[in-house]
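Each remark here refers to the structure printed beneath this line.
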Amino acid sequence: MKLIFEKHKDGRRGFSYGLASEPEAKPLPKKYCRTTVASLPALSELDVVRHYTNLSRLNFSLDTNFYPLGSCTMKYNPKFTERIACFEGFSQLHPLLPQLSGGGILSQGSLEVLFETEKLLCEITAMSAFTMQPLAGAHGELTGVMLIAAYHKDKGLKRKYVIVPDSSHGTNPASAAIAGYQVKVIATSADGYMDLEEYQKQLNDEVAAVMLTCPDTLGIFNPQIKKIADMAHKVGALMYYDGANLNAMLGKCRPGDIGFDLVHLNLHKTFATPHGGGGPGAGPVGVSEKLVEFLPISRVVMRSDGTYALNYNYRKSIGYIAPFYGNFGVILKAYAYILALGKEGLINAAEIAVLNANYCQAKLKSYYDLPFDKNCMHECIFSATRQAKNGVHALDIAKYLIDKGFHPPTIYFPLIVQEALMIEPTETESKESIDAFIDAMIEIARLAAENPFLVKEAPINMPIKRLDEVRAARKPDLCWKPQN
Amino acid sequence: MNFIPHTQEDTKEMLQAIGLKSIDELFKDIPVELRPKSFNIPDGKSEFEVTQVLHKLSLKNATCLINFVGAGFYDHFIPAVVDAIASRSEFYTAYTPYQAECSQGWLQAIYEYQTIVCQLTGLDVSNASLYDGGTALFEAMMIAIRQTGRNKIILDSGVNLIYRTMLYTYTSNLSIEFVEIPVAHGQSSRKDLFKHLDNKTAAVILQNPNFFGVVDDYSDVVKEVHKFGALAITSVYPVSLGMLKTPQEMGFDIATGEGQSLGIPLSFGGPYLGFMAAKNELVRQMPGRIVGATVDSEGRRGFVLTLQTREQHIRRERATSNICSNEALCALRAAVFVSLLGRDGLTELAEHNYRKAEFAKEQLSRIPGVEVKRSSATFNEFTVLLPCHADRVVQRMIEKGFACGFPLGRFYKGMDNYLLIAVTEKRTKEEICMFVDSLKTVL
Numbered sequence: 003m004k005l006i007f008e009k010h011k012d013g014r015r016g017f018s019y020g021l022a023s024e025p026e027a028k029p030l031p032k033k034y035c036r037t038t039v040a041s042l043p044a045l046s047e048l049d050v051v052r053h054y055t056n057l058s059r060l061n062f063s064l065d066t067n068f069y070p071l072g073s074c075t076m077k078y079n080p081k082f083t084e085r086i087a088c089f090e091g092f093s094q095l096h097p098l099l100p101q102l103s104g105g106g107i108l109s110q111g112s113l114e115v116l117f118e119t120e121k122l123l124c125e126i127t128a129m130s131a132f133t134m135q136p137l138a139g140a141h142g143e144l145t146g147v148m149l150i151a152a153y154h155k156d157k158g159l160k161r162k163y164v165i166v167p168d169s170s171h172g173t174n175p176a177s178a179a180i181a182g183y184q185v186k187v188i189a190t191s192a193d194g195y196m197d198l199e200e201y202q203k204q205l206n207d208e209v210a211a212v213m214l215t216c217p218d219t220l221g222i223f224n225p226q227i228k229k230i231a232d233m234a235h236k237v238g239a240l241m242y243y244d245g246a247n248l249n250a251m252l253g254k255c256r257p258g259d260i261g262f263d264l265v266h267l268n269l270h271k272t273f274a275t276p277h278g279g280g281g282p283g284a285g286p287v288g289v290s291e292k293l294v295e296f297l298p299i300s301r302v303v304m305r306s307d308g309t310y311a312l313n314y315n316y317r318k319s320i321g322y323i324a325p326f327y328g329n330f331g332v333i334l335k336a337y338a339y340i341l342a343l344g345k346e347g348l349i350n351a352a353e354i355a356v357l358n359a360n361y362c363q364a365k366l367k368s369y370y371d372l373p374f375d376k377n378c379m380h381e382c383i384f385s386a387t388r389q390a391k392n393g394v395h396a397l398d399i400a401k402y403l404i405d406k407g408f409h410p411p412t413i414y415f416p417l418i419v420q421e422a423l424m425i426e427p428t429e430t431e432s433k434e435s436i437d438a439f440i441d442a443m444i445e446i447a448r449l450a451a452e453n454p455f456l457v458k459e460a461p462i463n464m465p466i467k468r469l470d471e472v473r474a475a476r477k478p479d480l481c482w483k484p485q486n
Numbered sequence: 004m005n006f007i008p009h010t011q012e013d014t015k016e017m018l019q020a021i022g023l024k025s026i027d028e029l030f031k032d033i034p035v036e037l038r039p040k041s042f043n044i045p046d047g048k049s050e051f052e053v054t055q056v057l058h059k060l061s062l063k064n065a066t067c068l069i070n071f072v073g074a075g076f077y078d079h080f081i082p083a084v085v086d087a088i089a090s091r092s093e094f095y096t097a098y099t100p101y102q103a104e105c106s107q108g109w110l111q112a113i114y115e116y117q118t119i120v121c122q123l124t125g126l127d128v129s130n131a132s133l134y135d136g137g138t139a140l141f142e143a144m145m146i147a148i149r150q151t152g153r154n155k156i157i158l159d160s161g162v163n164l165i166y167r168t169m170l171y172t173y174t175s176n177l178s179i180e181f182v183e184i185p186v187a188h189g190q191s192s193r194k195d196l197f198k199h200l201d202n203k204t205a206a207v208i209l210q211n212p213n214f215f216g217v218v219d220d221y222s223d224v225v226k227e228v229h230k231f232g233a234l235a236i237t238s239v240y241p242v243s244l245g246m247l248k249t250p251q252e253m254g255f256d257i258a259t260g261e262g263q264s265l266g267i268p269l270s271f272g273g274p275y276l277g278f279m280a281a282k283n284e285l286v287r288q289m290p291g292r293i294v295g296a297t298v299d300s301e302g303r304r305g306f307v308l309t310l311q312t313r314e315q316h317i318r319r320e321r322a323t324s325n326i327c328s329n330e331a332l333c334a335l336r337a338a339v340f341v342s343l344l345g346r347d348g349l350t351e352l353a354e355h356n357y358r359k360a361e362f363a364k365e366q367l368s369r370i371p372g373v374e375v376k377r378s379s380a381t382f383n384e385f386t387v388l389l390p391c392h393a394d395r396v397v398q399r400m401i402e403k404g405f406a407c408g409f410p411l412g413r414f415y416k417g418m419d420n421y422l423l424i425a426v427t428e429k430r431t432k433e434e435i436c437m438f439v440d441s442l443k444t445v446l
């Protein structure tokens with residue numbers, strides 16, 4: 003499709019403010035004004051609408067395709083939460099209003115949403131308090147690591163290391179490093195769990211925290227998790243829970259009950275807010291009692307008269323990690339979702355998510371190698387090593403699935419599984435859609451054995467074929483440039 | 004309610020296929036002693052009930068205050084087209100476009116967004132978005148620190164205090180030396196800035212228009228900064244770029260900013276849009292996703308996520324940033340907004356904001372006891388000195404139906420009687436006159 007800039011025609015207008023009736027003013031001195039021209043397209047309103055509508059049709063999305071992207075929890079995003087986020091009282095509220103004298107009383111609805119969501123998340127995770135401010139999962143991790151640093155500093159301790167397993171999300175070590183820590187990586191042993199012997203060896207009083215996902219990124223619940231937490235606490239390290247996989251745990255097990263001290267949640271995963279093609283997400287961070295005093299400011303509190311207010315008066319707070327109170331629009335949708343599902347709905351979500359993943363695993367395990375053959379939680383991980391022997395790699399399988407109308411699973415993650423295919427169906431997919439996906443996967447396994455070329459050629463049904471990624475990186479073309 | 008399609012029969016069949024008898028067996032790996040001590044979540048509700056509850060809550064918020072508060076976050080008009088496109092679930096229910104062949108719509112939209120950011124700022128490259136203006140500024144600062152291998156940052160106090168506070172929070176565990184430069188007559192004090200500039204300086208960070216709404220031409224500062232081998236970073240208000248000298252024209256190396264004003268609702272503080280543009284030579288230091296154009300095996304143009312070796316999923320603790328999720332949907336809103344307005348529309352919007360603010364200044368200066376600060380040129384926001392504490396005025400004006408501005412005493416010592424007033428294109432002449440009349444009565 004042509005770029006929107008290539009559809010430009012001088013003289014067209016898509017929108018006008020009607021400046022004619024406006025007051026005249028002395029122009030701004032020339033030295034402050036731009037002299038170069040921004041090359042922006044001149045188009046009619048219909049041109050713009052058609053352009054972006056047609057672009058939207060080139061995407062696979064949850065509403066159009068099965069989307070079993072492992073670790074991303076692509077569950078259905080209910081439409082009523084979208085409508086709620088558009089209520090004028092929410093969408094048009096200026097974030098500085100509650101910070102003005104007399105403005106707090108006019109922001110009570112939004113403050114209540116934040117306060118109540120925090121309470122619900124505390125109960126779901128067994129934490130003492132949450133900050134709703136982190137704007138995404140990785141932002142929550144960074145906030146968490148900063149809280150860990152503040153905690154140790156307050157105790158007069160200098161700790162240098164953060165421990166992560168080699169199966170962790172890349173954001174874990176990256177967040178630890180950005181907050182000023184060195185990273186120690188623990189290998190995964192042959193049974194799929196973190197190597198406890200090596201963990202014991204690396205663990206000492208220079209370790210600030212251990213960052214874990216539970217169920218881990220292999221989709222497995224580690225029965226030794228309590229022991230891992232106890233060992234960390236013994237040397238004074240804190241336990242950080244990466245909430246990417248919380249969907250399997252709802253009402254089944256709570257991070258706080260295990261002994262985790264900090265938790266970040268991905269509201270755009272477990273709590274059904276749409277991922278928006280990359281964002282916005284929201285990554286609230288919950289903490290146990292001993293970390294509450296370090297949480298970012300402001301915090302929403304309930305006053306004795308039942309009204310809500312912002313409190314900035316926390317001497318040991320790490321400060322501001324976001325401009326305001328988090329991605330409010332996202333938090334609001336998650337709140338509506340939790341209210342709708344309620345206790346039973348949440349538990350049911352975890353159960354069916356785990357059922358769907360185990361069903362995929364059971365149906366496919368005779369066709370693909372299963373690196374860790376045990377009961378999985380919300381996602382299952384296969385390895386395409388058998389297919390790769392015939393030249394059909396995880397990437398090829400992904401591309402063939404696209405031709406079949408399925409968004410591919412996550413591929414090549416976790417890094418420790420060769421040719422990884424990470425499948426997370428989520429609870430909102432029906433048996434029929436999962437069966438269709440399984441059939442496609444079986445067909446690929448058969449083709450890989452009999453006619454691998456057909457898989458390697460994919461996709462052939464899309465508007466474009468495989469793209470030259472090497473060229474994209476070697477000769478970066480990152481924006482359109484005007485011809486003259 | 005829930006959104007699970009399984010019939011009892013489905014569940015039974017699926018359990019059978021797995022070789023289990025009950026759902027509980029699926030959770031057998033969770034030791035009994037780790038089962039929840041409590042799970043006191045209220046019972047579920049119907050869509051209708053939840054909608055009602057939240058509609059009532061939304062009515063507890065102000066819905067009809069006439070807004071003159073800005074302070075970096077502005078009440079602009081959003082054309083219906085922006086909502087219509089952002090509501091297409093082919094966009095909003097997709098994930099990050101890892102699989103290019105089934106994500107060309109998103110990838111092209113982001114490429115176009117990157118182009119728009121480059122065109123607005125005049126700079127060479129942009130990324131696919133960051134969380135907000137504050138985190139974007141932090142990321143820009145980190146680029147400078149990596150690029151120069153130095154750790155001193157000169158920070159102008161005309162930069163939004165919210166962002167300055169965020170920079171301090173983010174760096175509290177790193178060894179970075181900050182020097183804050185005072186503002187004199189609403190503008191960055193060159194004398195103080197140059198005094199601190201040395202060859203340990205990684206970057207100088209400025210904002211245009213600054214927090215007081217004052218516009219500046221920083222060309223002289225940037226020239227001096229470059230003499231010392233440091234980078235010049237600016238945080239900008241994108242709507243103002245329809246009129247103001249661009250970061251590129253002043254020589255800046257990196258421009259960041261809050262993109263909320265480009266078609267994104269105020270929504271009580273988020274989701275917003277952090278944008279970043281930089282000179283070409285800094286591209287491999289950029290944080291976050293970047294989309295690039297390439298060709299497919301038949302030579303057709305297509306788009307992919309590129310330069311990924313900078314990113315956390317590959318580079319892990321050595322990545323340029325930890326960012327994974329960004330604000331793509333907000334970036335789409337900005338792209339649609341700017342495409343719809345085009346160059347002429349954006350110029351008109353900037354002009355509109357400027358003229359209305361000038362009109363408001365003129366009207367306000369006629370109120371006895373109110374002093375409009377006019378020593379420096381402003382864009383759509385300006386400060387006034389009131390004859391009494393600004394908080395008192397703010398409260399009384401709220402009672403009259405106006406959010407009349409941001410009291411500067413909240414952020415700056417000794418400025419208790421100052422009010423920062425923003426006037427966007429949404430404020431009509433009549434509203435401005437009503438505002439002035441009401442203000443007269445509360446002083």
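Quick mapping for you: the protein sequence lines, in order, are chains A and B.
Numbering of the first sequence is given in the working numbering, commencing with residue 3 and proceeding in unit increments.
Numbering of the second sequence is given in the working numbering, commencing with residue 4 and proceeding in unit increments.
Glycine is no exception: its CB is placed at the ideal position from the N, C-alpha and C atoms.
Proximity of chain B to ASP479 (chain A) at the Cβ level (cut-off 7 Å) is accounted for by GLY295 and ALA296, in chain order. In the structure shown, ARG430 (chain B) falls within a coil segment according to DSSP collapsed to helix, strand and coil. In the three-state scheme derived from DSSP, where H, G and I count as helix and E and B as strand, ASP12 (chain A) is classed as coil. Secondary structure note for CYS382 (chain A): its beta strand (DSSP E) is the uninterrupted segment 382 to 385. Taking a Cβ-Cβ threshold of 7 Å, the residues of chain A close to ASP394 (chain B) are SER103, in chain order. Contact check for VAL265 (chain A) and GLY288 (chain A): beta-carbon distance about 4 Å, within the 8 Å limit, so the pair qualifies.
Fully enclosed alpha helix (DSSP H) runs of no fewer than 4 residues occupy 50 to 62 and 83 to 89 of the stretch 35 to 90 of chain B, in order along the chain. CYS391 (chain B) carries a coil assignment under DSSP once its states are collapsed to helix, strand and coil. Secondary structure of GLU374 (chain B) (DSSP, three-state): strand.
Contact between the stretch 236 to 252 of chain A and the stretch 106 to 119 of chain A is absent: fewer than three C-beta pairs spanning the two stretches fall below 8 Å. The count of Cβ pairs closer than 8 Å, one atom from the stretch 353 to 373 of chain B and one from the stretch 382 to 402 of chain B, reaches three, so the stretches are in contact.
Between the stretch 200 to 208 of chain A and the stretch 158 to 178 of chain A there are three or more inter-stretch CB-CB distances shorter than 8 Å, so the stretches are counted as touching. Nearest C-alpha to SER130 (chain A) among A:GLU120, A:PHE92, A:ASN61 and A:ALA138: A:GLU120.
Interface criterion not met: the Cβ of HIS188 (chain B) is under 9 Å from no Cβ in chain A. According to the DSSP assignment, MET233 (chain A) belongs to the alpha helix (DSSP H) that extends over 227 to 236.
Selection B:ASP201, B:SER222 and B:ASN202 evaluated against GLN210 (chain B) yields B:SER222 as nearest (Cα-Cα). Judged by DSSP in its simplified three-state form, LYS186 (chain A) adopts strand.
Counting only unbroken stretches of 4 or more residues, the alpha helix (DSSP H) elements lying wholly within the stretch 31 to 100 of chain A are 47 to 58, 81 to 87 and 90 to 93, in sequence order. Take the alpha-carbon of MET148 (chain A) and the one of TYR337 (chain A): they are about 26 Å apart.
Considered as a whole, the stretch 117 to 176 of chain A harbours 139 to 156 as its complete alpha helix (DSSP H) runs of no fewer than 4 residues, in chain order. Its Cα nearest to that of MET400 (chain B), the residue B:MET437 stands out among B:MET437, B:SER41 and B:ARG377. Taking all protein chains shown into account, GLU384 (chain B) has 16 or more neighbouring C-beta atoms within 10 Å of its C-beta and is therefore buried. Here the alpha carbons of GLU426 (chain A) and GLY283 (chain A) stand approximately 19 Å from one another.
Under the DSSP assignment, ALA20 (chain B) falls in the alpha helix (DSSP H) whose first and last residues are 11 to 21. Contact of GLY245 (chain A) with chain B by beta-carbon distance below 7 Å is absent, the smallest such distance being about 13 Å. Residue-level contact check: ASP470 (chain A) touches chain B, since one or more beta carbons of chain B fall below 9 Å from its beta carbon.
Nearest in C-alpha terms to PHE278 (chain B), of all of B:ALA360, B:GLN117 and B:LYS432, is B:GLN117. Inclusion of VAL120 (chain B) and SER160 (chain B) in the CB contact set at 9 Å is not warranted, their separation being larger than that value.
Judged by DSSP in its simplified three-state form, LYS359 (chain B) adopts helix. If you compare the alpha carbons of B:GLY305, B:SER243, B:ARG346 and B:ALA258 with that of TYR34 (chain A), the shortest gap goes to B:SER243. Around the Cβ of SER25 (chain B), a 10 Å sphere holds fewer than 16 other Cβ atoms; the residue is exposed. In summary, the residues of the stretch 88 to 107 of chain B whose CB is separated from some CB of chain A by less than 9 Å are ILE88, ALA89, SER90, ARG91, SER92, GLU93, PHE94, TYR95, THR96, ALA97, TYR98, THR99, PRO100, TYR101, GLN102, ALA103, GLU104, CYS105, SER106 and GLN107, in the order they occur in the chain.
The way I'd put it, the stretch 140 to 147 of chain B does touch the stretch 200 to 210 of chain B; three or more beta-carbon pairs between them come closer than 8 Å. A straight-line Cα-Cα distance of about 23 Å links SER18 (chain A) and GLU261 (chain B).
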